[in-house]
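Trainee: Encoded as structure tokens, here's the structure I'll be asking about.
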Amino acid sequence: MRIDRILASQGPVFSCEFFPPKTPQGGEKLLATIEEIKKLGPSFVSVTYGAMGSNRGQVIELVEKIKNDLGVEAMAHLSCTGHTREELAGVLDQLSAVGIENVLALRGDPPKGEVFQPAPGGFAYASDLAAMIRDRGSFCIGGAAYPEVHPDAPDAETDLNHLLTKVRSGANFLITQLFFSNDDYFDFVERARAKGIEVPILPGIMPITDVGQVKRFTAMCGAKMPAELLSALERADGDPEAVLEVGVEHAIGQCRGLLARGAPGVHFYTLNRSPATRRILTALL
Ligand code: FAD
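Count along the sequence shown from 1, add 18, and you get the number used in my numbering.
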């Protein structure tokens with residue numbers, strides 16, 4: 019089912035994001051993890067796309083298995099990095115052929131320390147990819163959104179103008195970058211609505227399970243961490259169970275606050291670690 023239809027017809031929408039593991043054994047383990055998550059009734063599961071499309075075969079195989087074997091709605095991420103238009107069209111053909119209806123259209127990131135350069139014959143922005151997918155007519159298109167502003171953007175207003183272009187180019191719904199303060203999400207949604215962006219904006223939440231890792235992610239994407247959360251994590255650092263407890267409690271509070279104030283659901287960045295997401299979902303259901 020198309021995710022825009024799910025968003026229009028269901029109560030809060032819960033979705034989980036996974037990345038394709040490197041080995042076949044990892045792939046089997048991931049499918050078992052998704053079977054466990056399935057018991058909690060996620061609305062859809064998404065699979066990330068590796069830099070330069072290095073894992074495109076695995077992404078297609080995984081979304082196909084999630085949708086057709088496990089019976090869970092699936093979305094494939096697709097990024098412009100390193101691809102010509104023809105290659106992107108080829109991936110879309112393969113997704114269509116296995117019955118996938120949902121694609122998250124992304125620009126992708128450059129290699130560490132470099133500035134993004136479109137591949138020769140490729141696209142510079144996610145909105146260009148969204149327009150190409152829209153013109154094919156068959157997919158529901160998601161796009162990424164940044165409550166705390168995309169790191170490459172000169173300012174919030176410019177970033178929002180580009181987001182409007184992405185929606186006008188065909189994005190049917192948006193998923194946000196991770197954030198830890200709900201006010202950042204609600205301020206952003208208000209600014210987006212004022213700009214004329216009317217599509218659903220699903221908040222992206224990353225359950226914290228590792229202090230070093232969350233510090234690296236926040237440094238990369240520019241998400242602010244509230245001082246109390248940071249100090250609770252630093253007190254727990256070194257004790258994985260205690261870190262998990264702090265991360266899960268924070269995420270439960272964040273999700274409850276988001277849903278209470280009208281967010282259409284929550285998208286979980288699981289990092290392929292399901293216990294935290296399962297605990298959070300169980301607390302919310
Ligand atoms: P864009 O929307 O193209 O924006 C990128 C930058 O360009 C922004 O600063 C924007 O303001 C600017 N811009 C946009 N349009 C224009 C224009 N017309 N003129 C000038 N500037 C413009 N990465 C992966 O590699 N694989 C994944 O699977 C993946 N999944 C993700 C899932 C989510 C929910 C999110 C939030 C991010 C994900 N990413 C993934 C990361 C994403 O690829 C990076 O954040 C990337 O830097 C930007 O991608 P985008 O699609 O938002 O790009």
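Here a beta-carbon is modelled for each residue, glycine too, at the ideal position from N, C-alpha and C.
1) Decide if D4 is buried, meaning its Cβ has at least 16 other Cβ atoms within 10 Å, or exposed.
2) I need the straight-line Cα distance from G135 to P165, nearest angstrom please.
3) Just to confirm my understanding: we take C273, look at its own chain, exclude 5 residues before and 5 after, and list those with CB closer than 7 Å. What are they?
4) When every heavy atom of the ligand FAD is checked, does at least one fall within less than 7 Å of the C-beta of T295?
5) Three or more beta-carbon pairs under 8 Å between the stretch 145–155 and the stretch 170–179, yes or no?
6) Given a threshold of 16 other Cβ atoms within 10 Å of its Cβ, counted over all protein chains shown, does M93 qualify as buried or as exposed?
7) Provide the residue(s) that pair with N290 in DSSP beta bridges, ordered along the chain.
8) If you measure from the CB of A210, is any heavy atom of the ligand FAD nearer than 7 Å?
9) Can you list, in chain order, the stretches of the alpha helix (DSSP H) that have 4 or more residues and sit fully within the stretch 100–183?
10) Mapping DSSP to helix, strand and coil, what is C34?
11) Using 8 Å as the cut-off, can you tell me whether the stretch 58–68 makes contact with the stretch 21–37, which would need three or more C-beta pairs spanning the two stretches below that distance?
12) If L220 and T194 are in contact, beta carbons under 8 Å, what's the gap, nearest whole angstrom?
13) Does the distance from the CB of R186 to the CB of F141 come in under 8 Å?
14) Expressed to the nearest angstrom, what Euclidean distance is found between the alpha-carbon atoms of V96 and L289?
15) Is the separation between the beta-carbon of N86 and that of G117 shorter than 8 Å?
16) Quick one, are the C-beta atoms of A123 and G160 less than 8 Å apart?
17) Around the ligand FAD, which residues pass a check of Cβ closer than 5 Å to any of its heavy atoms?
18) Please list the terminal residues of the continuous beta strand (DSSP E) segment that includes M93.
19) Based on DSSP bridge pairs, tell me the residues matched to H285.
20) Contact defined as beta carbons within less than 8 Å: I believe R20 pairs with E119. What is the distance between those atoms, to the nearest angstrom?
21) Take A250 as the anchor and find which of V264, G68, M238, E259 has the nearest alpha-carbon.
22) Which term fits D202, buried or exposed, when burial requires 16 or more other beta carbons within 10 angstroms of its beta carbon?
23) Contact check, Q112 vs I78 under 8 Å by CB: the rounded distance?
24) Does DSSP classify V217 as helix, strand or coil?
25) By a C-beta neighbour count over all protein chains shown, 10 Å radius and 16 as the cutoff for buried, is K184 buried or exposed?
26) Where does G188 land, buried or exposed, given buried means 16+ other C-beta within 10 angstroms?
27) Can you tell me whether DSSP reads F235 as helix, strand or coil?
Mentor: To lay it out plainly:
1) A query on residue 4 cannot be resolved here, the shown segment of the chain reaching from 19 to 303 and no further.
2) If you number the sequence shown from 1, residue 135 lands on position 117. If you number the sequence shown from 1, residue 165 lands on position 147. Residue identity check: residue 135 is Gln in the sequence provided, not Gly. So the two alpha carbons sit approximately 24 Å from each other.
3) Within the sequence shown, residue 273 is the residue found at index 255, counting from 1. If you ignore the 5 residues before and after C273, its C-beta comes within less than 7 Å of the C-beta of I223, V284, I298, L302, all in its own chain and listed in chain order.
4) One-based indexing of the sequence shown puts residue 295 at position 277. T295 has its CB no nearer than 7 Å to any heavy atom of the ligand FAD.
5) The answer is no - the stretch 170–179 does not touch the stretch 145–155, with fewer than three Cβ pairs under 8 Å.
6) If you number the sequence shown from 1, residue 93 lands on position 75. Buried is the call here.
7) Residue numbering aside, residue 290 sits at position 272 when the sequence shown is read from its first letter. N290 pairs with nothing; no bridge assigned.
8) Within the sequence shown, numbered from 1, the residue matching residue 210 stands at position 192. Checking the Cβ of A210 against the ligand FAD gives no.
9) With a minimum length of 4 residues, the continuous alpha helix (DSSP H) runs that stay inside the stretch 100–183 are 103–115, 144–154.
10) By one-based count along the sequence shown, residue 34 stands at place 16. It is a strand residue.
11) The answer is yes - the stretch 21–37 touches the stretch 58–68, with three or more Cβ pairs under 8 Å.
12) Counting from 1 along the sequence shown, the entry for residue 220 is found at position 202. Counting from 1 along the sequence shown, the entry for residue 194 is found at position 176. Cβ-Cβ separation between L220 and T194: approximately 7 Å, consistent with a contact (criterion under 8 Å).
13) Start at 1 with the first residue of the sequence shown, and residue 186 comes out as number 168. Start at 1 with the first residue of the sequence shown, and residue 141 comes out as number 123. It is not a contact, given that the beta carbons lie outside the stated cut-off.
14) On the sequence shown, position 78 is the one that residue 96 refers to. On the sequence shown, position 271 is the one that residue 289 refers to. The sequence shown places Leu at residue 96, rather than the Val named in the question. Rounded to the nearest angstrom, the two C-alpha atoms are 18 Å apart.
15) Sequence index remark: in the sequence shown, residue 86 carries index 68 (1-based). Sequence index remark: in the sequence shown, residue 117 carries index 99 (1-based). Going by C-beta atoms, N86 is nearer than 8 Å to G117.
16) By 1-based counting over the sequence shown, the position of residue 123 is 105. By 1-based counting over the sequence shown, the position of residue 160 is 142. In this structure, G160 lies closer than 8 Å to A123 by Cβ.
17) Checking every Cβ against the heavy atoms of the ligand FAD under 5 Å gives T66, Y67, H95, S97, L124, R125, G126, D127, Y143, A144, A162, H168, D170, A171, D177, H180, I193, Q195.
18) The residue you call residue 93 lines up with position 75 of the sequence shown. Taken as a continuous stretch (DSSP letters only), the beta strand (DSSP E) holding M93 covers 92–97.
19) The count along the sequence shown starts at 1 and reaches residue 285 at position 267. Per DSSP, S33, G222.
20) To locate residue 20, count along the sequence shown from 1; it is residue 2. To locate residue 119, count along the sequence shown from 1; it is residue 101. Rounded, the Cβ-Cβ distance is 5 Å, consistent with contact.
21) Within the sequence shown, the letter at position 232 stands for residue 250. In terms of CA proximity to A250, V264 leads the group V264, G68, M238, E259.
22) Walking along the sequence shown from the start, residue 202 turns up at place 184. Classification of D202: buried, given that the 10 Å Cβ count is 16 or more.
23) Walking along the sequence shown from the start, residue 112 turns up at place 94. Walking along the sequence shown from the start, residue 78 turns up at place 60. For a cut-off of 8 Å, the C-beta gap from Q112 to I78 is around 5 Å, short enough to register as a contact.
24) To locate residue 217, count along the sequence shown from 1; it is residue 199. Note: V217 maps to coil in three-state DSSP.
25) Start at 1 with the first residue of the sequence shown, and residue 184 comes out as number 166. K184 should be labelled buried.
26) Along the sequence shown, read from residue 1 onward, the residue named residue 188 stands at position 170. By the neighbour-count criterion, in which 16 or more other beta carbons inside 10 Å mark a residue as buried, G188 falls on the buried side.
27) Residue mapping note: residue 235 aligns to position 217 of the sequence shown, counting from 1. F235 sits in a helix when the DSSP states are folded into three classes.
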